[in-house]
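**Q** Sharing a structure with you now.
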Amino acid sequence: MRRLLLVRHAPTTATRAAAFPADEALDAPGLAAAATLRDTLGSSARSRALCSPARRCLQTAAALGLPDPVVDPALAECDFGSWRGRTSADIHAEQPDASAAWMTDPDAAPHGGESLTVFAARVRTWLDAQTTLDGRAIAITHGGVVKAAVAHALGAPLAAFWRIDVTPLAVTELHAHHGRWTVTRVNCGAGR
């Protein structure tokens, strides 16, 4: 059985501003928040640590006491293209049609990055490969990855992505049984 804990990275200035992330580092409040989750995860000695290549994820893994995680590009956040570093409010004000297309058409990529369809397929491929593994793994990743993973695990339509909340440092747990996922908990222990 594969027991997979998906942990969204600690908060950053971008998450606090509701901005599409760039590769920002954790700030002091984010590092402090990550330290509070360390005991909640339990012993990491028996877990395989996986991590997005993003700086904020690598720093979260270190703060959680997960040394030398396996960096996996499949755990990276959606590529937001030209929207990186900009707030969703600014995008909506300047490009309302593009913003609406992004939220309603999973094949739209008005920012020049990944569409939701392409992004979710990347996460789905990674998650399906995880069903063939045994043991406990902790993956430090992004809100979008967790949302796409939960939607896939539930067999939900892609539109469900927008209805799943994943706060910084939230823990989502999935178990794989015979090639099929069950959702054990979602968005728990979040350190805001």
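Numbering that gives the first Met the number 0 applies: residue 0 is where the sequence shown begins, and numbers increase by one.
Note that CB positions come from ideal geometry on N, CA and C, so glycine has one too.
Going by Cα to Cα distance, which pick from Thr166, His141, Arg184 is closest to Leu153?
**A** Position 154 of the sequence shown, counted from the first residue, corresponds to residue 153. Of Thr166, His141, Arg184, the residue nearest in Cα terms is Arg184.
**Q** As an exercise, report each continuous alpha helix (DSSP H) stretch of at least 4 residues that is fully enclosed by the region 61 to 118, in chain order.
**A** For the region 61 to 118, whole alpha helix (DSSP H) runs of length 4 or above, ordered along the chain, are 87 to 93, 95 to 103.
**Q** Can you find a heavy atom of the ligand ATP that lies under 7 Å from the Cβ of Leu5?
**A** With respect to small molecules bound, the structure shown includes none, and the ligand ATP cannot be examined in it.
**Q** Going by the DSSP bridge assignment, what does Ser46 pair with across the sheet?
**A** Working through the sequence shown from its first residue, we reach residue 46 at position 47. Answer by DSSP bridge pairing, in chain order: Arg135.
**Q** Less than 8 Å separating the beta-carbons of Ala99 and Ala17?
**A** Position 100 of the sequence shown holds residue 99. Position 18 of the sequence shown holds residue 17. Not closer than 8 Å, so no.
**Q** For Trp161, is the classification buried or exposed, using 16 other Cβ atoms within 10 angstroms of its Cβ as the cut-off for buried?
**A** Here residue 161 refers to the residue found at position 162 of the sequence shown. The residue is exposed, with fewer than 16 neighbouring Cβ atoms inside 10 Å.
**Q** Buried or exposed: where does Arg37 fall if 16 or more other Cβ atoms within 10 Å of its Cβ makes it buried?
**A** Working through the sequence shown from its first residue, we reach residue 37 at position 38. Classification for Arg37: exposed.
**Q** Assign Pro72 to buried or exposed, taking buried as 16 or more other Cβ atoms, counted over all protein chains shown, within 10 Å of its Cβ.
**A** In the sequence shown, residue 72 corresponds to position 73, counting from 1. The residue in question, Pro72, is exposed, as its Cβ has fewer than 16 Cβ neighbours within 10 Å.
**Q** Taking DSSP's pairing of strands, which residues face His151 in a bridge?
**A** For the purposes of this step, residue 151 is taken as residue 152 along the sequence shown, with counting starting at 1. In the DSSP output, where bridge partners are listed per residue, His151 has none listed.
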